[in-house]
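Q:
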Amino acid sequence: AQSVTQLGSHVSVSEGALVLLRCNYSSSVPPYLFWYVQYPNQGLQLLLKYTTGATLVKGINGFEAEFKKSETSFHLTKPSAHMSDAAEYFCAVSQNNLFFGTGTRLTVIP
Amino acid sequence: DAMVIQNPRYQVTQFGKPVTLSCSQTLNHNVMYWYQQKSSQAPKLLFHYYDKDFNNEADTPDNFQSRRPNTSFCFLDIRSPGLGDAAMYLCATSIRGELETQYFGPGTRLLVL
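Okay, structure coming up:
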């Protein structure tokens, strides 16, 4: 069975500061892992995904995530937060279907 | 641009009055999904079509049904909406050979009065 845990339902950072959103997963098989972003009243937009190969994955808008099998983690980072990054972020794991975490709301403080 | 389109973006209905939400896609993907997302919660899969094969999640209420008349269109029918059905409904697609990656539409926010 697959599951995803996102630590911290709300994260606040100052503009220009490092963004770190945490995601841990459990999966009985090698996982496919995803980060999606959702702006208010919008659908989910794929930020990045890990399937196989390089464990450091770069996505859109300057985000990246690293798959760490030993830690069963797939944390999302961005070196410098912008105001436009304020949104809800969902980590997900996929085997046949997507299983989402409960989301982390990112607030960027000017 | 290839995309997933949902209409309407906002839908208001009355308690017990049937409502249909629409999804179309220009990606020519063979899999289409419907999710329900309540406020501050993760999206919850209701059902999906793999081509014409319908797959219902075990805990999807009978009140929810779906139709897929062709590759491009998929509909979500709520036969008798209750107040608890107020939510954002998300449509997504994926393609054979890359099923793990889903592409989402903008969603339809349903309000039940």
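These protein sequences, in sequence, are chains R and W.
Heads up, the first sequence is in this note's numbering, so the first residue is 738 and it goes up one at a time.
Heads up, the second sequence is in this note's numbering, so the first residue is 1354 and it goes up one at a time.
Glycine is no exception: its CB is placed at the ideal position from the N, C-alpha and C atoms.
1) Are the beta-carbon atoms of Thr1446 of chain W and Gln1378 of chain W separated by less than 8 Å?
2) Return the CA-CA distance between Pro1371 of chain W and Glu1410 of chain W, expressed in angstroms with no decimal places.
3) Thinking C-alpha only, which one of W:Phe1457, W:Val1465, W:Ser1425 is nearest Ala1439 of chain W?
4) Which partner residues does Ala802 of chain R have in the DSSP bridge list?
5) Contact criterion: CB-CB distance below 8 Å. Does Gly838 of chain R meet it with respect to chain W?
6) What residues from the region 1433-1446 of chain W come within 9 Å of chain C, judged by C-beta to C-beta, listed N to C?
7) Compare the C-beta of Lys786 of chain R against all C-beta atoms of chain W and say whether one is closer than 8 Å.
8) Please decide whether Phe827 of chain R counts as near chain W, where near means a Cβ-Cβ distance under 8 Å.
9) Check the DSSP bridge columns for His747 of chain R and list the partner residues they point to.
10) Run through the DSSP bridge pairs and tell me what Lys1397 of chain W is partnered with.
11) Specify, as a first and last residue, the run of the beta strand (DSSP E) that Leu785 of chain R falls within.
12) Quick one: is Pro816 of chain R buried, meaning 16 or more other Cβ sit within 10 Å of its Cβ, or exposed?
13) Out of R:Thr789, R:Ala823, R:Val830, R:Phe836, point me to the one whose CA is closest to Ser749 of chain R's CA.
14) Quick check on the burial criterion: 16 or more other C-beta atoms within 10 angstroms. Buried or exposed for Val741 of chain R?
A: On the basis of the coordinates in this document:
1) One-based indexing of the second sequence puts residue 1446 of chain W at position 93. One-based indexing of the second sequence puts residue 1378 of chain W at position 25. Yes, the Cβ-Cβ distance between Thr1446 of chain W and Gln1378 of chain W is below 8 Å.
2) On the second sequence, position 18 is the one that residue 1371 of chain W refers to. On the second sequence, position 57 is the one that residue 1410 of chain W refers to. Answer to the nearest angstrom: the Cα atoms are 21 Å apart.
3) As a first step, residue 1439 of chain W must be located in the second sequence, where it is residue number 86. Ranking the options by Cα distance to Ala1439 of chain W, first place goes to W:Val1465.
4) Taking the first residue of the first sequence as 1, we reach residue 802 of chain R at position 65. BP columns for Ala802 of chain R point to R:Val794, R:Leu813.
5) The residue labelled residue 838 of chain R in the question sits at position 101 within the first sequence. Judged by the 8 Å Cβ criterion, Gly838 of chain R is in contact with chain W.
6) Included in the structure are the protein chains R and W, with no chain C among them.
7) The residue given as residue 786 of chain R occupies position 49 in the first sequence. Cβ-Cβ to chain W under 8 Å: yes for Lys786 of chain R.
8) On the first sequence, residue 827 of chain R is found 90 positions in, with the first residue counted as 1. Closer than 8 Å to some Cβ of chain W, the Cβ of Phe827 of chain R qualifies, so yes.
9) For the purposes of this step, residue 747 of chain R is taken as residue 10 along the first sequence, with counting starting at 1. Beta-bridge pairing links His747 of chain R to R:Arg842.
10) The residue labelled residue 1397 of chain W in the question sits at position 44 within the second sequence. DSSP lists W:Gln1389 as partners of Lys1397 of chain W.
11) Numbered from its first residue, the first sequence carries residue 785 of chain R at position 48. 781-787 is the extent of the beta strand (DSSP E) around Leu785 of chain R.
12) Reading the first sequence from its first residue, position 79 is the one you call residue 816 of chain R. Exposed, since its Cβ has fewer than 16 Cβ neighbours within 10 Å.
13) Taking the first sequence and counting its residues from 1, one reaches residue 749 of chain R at position 12. It is R:Ala823.
14) As a first step, residue 741 of chain R must be located in the first sequence, where it is residue number 4. So Val741 of chain R counts as buried.
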